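First residue of the sequence shown? That's 150 in my numbering, and the numbers climb one at a time after it. Ideal Cβ positions, reconstructed from N, Cα and C, are used throughout, including at glycine. Every value quoted in this text rests on a predicted model; they were computed, and no experiment measured them. Each remark here refers to the structure printed beneath this line.
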Amino acid sequence: MRRVSILGATGSIGQNTIDLIARAPDDYDVVALTGGANITQLATDARALRADLAVTAYPERLEDLRAALAGSDVIAAAGAEALKEAGARPADWVMSAIVGAAGLAPGIAALEQGATLALANKESLVCAGKLVLETARLNNARLLPVDSEHSAIFQALVGEDMGAVERIIITASGGAFRDWPLEALKSATLAEASSHPNWDMGQRITIDSASMFNKAMEVIETREYFGVAPNQIEVIIHPESMIHAMVGFNDGAIMAHVGPPDMRHAIGYALHWPQRRDLPVARLDLAQIGQLNFIAPDMARYPALRLARAVMARGGLMGAAFNGAKERALDAFIAGHIHFTRMAEVVEEVLTRFESDPDLIDAAMTLDNVTQTDHLARKWADQVMAQ
Ligand code: NAD
Ligand code: MG
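Rendered as structure tokens:
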């Protein structure tokens, strides 16, 4: 029996992970599940999977969670420390699927106990790539990518020599507004930004897909995880979302990973790695699909892609600043306080402020400094938005 924990169990990735685990209950011993405000889902899954521990991120919901778990053996806990404790509980495999920088500390705790960390939480690598990789190395823990593009790259690289890699191409659907006139983007509504043409995901990543902040983060994630130079990473719009990523080699060959847009593939690959197991995903009928299209991204439409380049060029804690500002701008868009296109402007203004303070950006990459940078970026984003 493999001991598994799921951080962010009640979300889109978490529920897809539970779907796979629940199909083979005898193979897994579920240690910890974490969630947020969806107490009913968390308690139902914790009971059904006989978890040892269930944690809600919100201390004010602890009594609700206790009540929902009454009569079971599941321990209830709440708050940031308890989330870390969920990551630190001895397990063989931990899914990191909390959304946002909040996923960093629990994921680090899982690496520190030597667990294999299946990483959906791309913010961990954007904010603190070097820290995450170093923590894995020091603790002999394995980090497996779950983002579909990064799982695809990882699979295309099996048996290959990184020295022969020329380029990595990640695909983007183009999000909800791919075909909108540029002028119309400003007035895009929350509902319009919250529906994705191909993927069914959490609301925040869906909006980030429409603004291309998601792809911007994935470019940084690619650099951190695979250690390639920024100019080796390309983004291409591929409206069908069938090819998830491609790796180009020095002999001109390109290895492409093709599959249906279903996160259970990438989750299942990380769950069973290094084996491949049968997964409940659709099999593609290529004749029916007929054609696949590729379009160069329009940089005027997607300023987030340009910002990602600036973040990589600057290095240090700029990724944490970028992510913190982005999260705050996204909160404000969701709350109806700013326009869709204002998000990238806010992030850019915050990055400009950080650029004028090199001591902040060049501080050592410790969890404390990353957290402080994240908090400062959120504060500055609020100031920029209040102007
Ligand atoms: P989601 O919003 O559906 O779920 C997020 C989970 O995190 C929930 O369990 C929620 O309760 C929990 N959570 C939210 N805020 C929290 C906080 N402050 N502290 C602790 N827990 C909190 O998100 P999702 O779409 O499942 O995405 C999860 C992560 O996976 C994100 O980093 C996202 O970028 C990444 N990802 C998602 C997909 C996808 O298809 N959904 C694909 C690739 C990568
Ligand atoms: Mg992705």
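Asked	Found
Quick one: using the 10 Å Cβ neighbour count with 16 as the cut-off for buried, is Ile-319 buried or exposed?	buried
If you draw a straight line from the C-alpha of Arg-151 to the C-alpha of Leu-282, how long is it?	23 Å
Below 7 Å, is the gap between the Cβ of Glu-272 and the nearest heavy atom of the ligand NAD?	yes
Taking three-plus beta-carbon pairs below 8 Å as touching, is the stretch 362-370 in contact with the stretch 274-288?	yes
Residues bridged to Leu-292 by DSSP?	Leu-266
Would you mind stating whether Trp-529 and Val-496 have Cβ atoms separated by less than 8 Å?	no
Taking 7 Å as the cut-off, is the C-beta of Glu-367 nearer than that to any heavy atom in the ligand MG?	yes
For His-345 and Gly-324, I'd like the C-alpha separation in whole angstroms.	6 Å
Buried or exposed: where does Thr-205 fall if 16 or more other Cβ atoms within 10 Å of its Cβ makes it buried?	buried
Tell me where the beta strand (DSSP E) around Ser-360 begins and ends.	No beta strand (DSSP E) holds Ser-360; the alpha helix (DSSP H) holding it covers 352-360.
Start and end of the alpha helix (DSSP H) containing Val-495?	491-504
By how many angstroms is the C-alpha of Ala-258 removed from the C-alpha of Pro-410?	30 Å
Can you tell me whether Met-395 sits near the ligand NAD, meaning its C-beta is under 7 Å from at least one heavy atom of the ligand?	no
Given a cut-off of 8 Å, decide if Leu-293 and Ala-419 are closer than it, judged by their beta-carbon atoms.	yes
Under the three-state reduction of DSSP, which class applies to Trp-348: helix, strand or coil?	coil
Tell me the residue span of the beta strand (DSSP E) that contains Leu-202.	202-205
So what does Glu-383 bridge to, in DSSP terms?	Ile-318
Is DSSP giving Ile-392 helix, strand or coil here?	strand
Under the assumption that Gly-236 contacts Gly-256 (Cβ atoms under 8 Å), give the Cβ distance between them as a whole number of angstroms.	6 Å
In chain order, what are the residue ranges of uninterrupted beta strand (DSSP E) at least 3 long that sit wholly in the stretch 183-258?	202-205, 224-227, 242-245
Which one or two residues does DSSP pair with Val-179 in a beta bridge?	Val-153
Out of Tyr-374, Phe-443, Ser-360, point me to the one whose CA is closest to Ser-390's CA.	Phe-443
Mark Asp-434 as exposed unless 16 or more other C-beta atoms lie within 10 angstroms of its C-beta, in which case mark it buried.	exposed
Would you say Glu-298 touches the ligand MG, meaning its beta carbon is less than 7 Å from a heavy atom?	yes
Below 8 Å between beta carbons: does that hold for Glu-315 and Gly-397?	yes
Residues bridged to His-406 by DSSP?	Ala-394
Could you please give the first and the last residue of the uninterrupted alpha helix (DSSP H) stretch that includes Met-412?	412-421
Span of the alpha helix (DSSP H) holding Arg-286?	271-287
What does Ile-444 pair with, by DSSP beta-bridge criteria?	Ile-386
Tell me whether the stretch 413-427 and the stretch 340-355 touch, counting them as touching only if at least three CB pairs, one residue from each stretch, are closer than 8 Å.	no
I'd like to confirm something about Trp-422: is its beta-carbon nearer than 7 Å to some heavy atom of the ligand NAD, or not?	no
Just checking my contact of Leu-191 with Thr-166 at CB under 8 Å: how many whole Å lie between their CB atoms?	Actually they do not touch by this definition, with Cβ atoms about 14 Å apart.
Are there any heavy atoms of the ligand NAD lying less than 7 Å away from the beta-carbon of Arg-353, as far as the coordinates show?	yes
Could you tell me whether any non-hydrogen atom of the ligand NAD is closer than 7 Å to the CB of Asn-187?	yes
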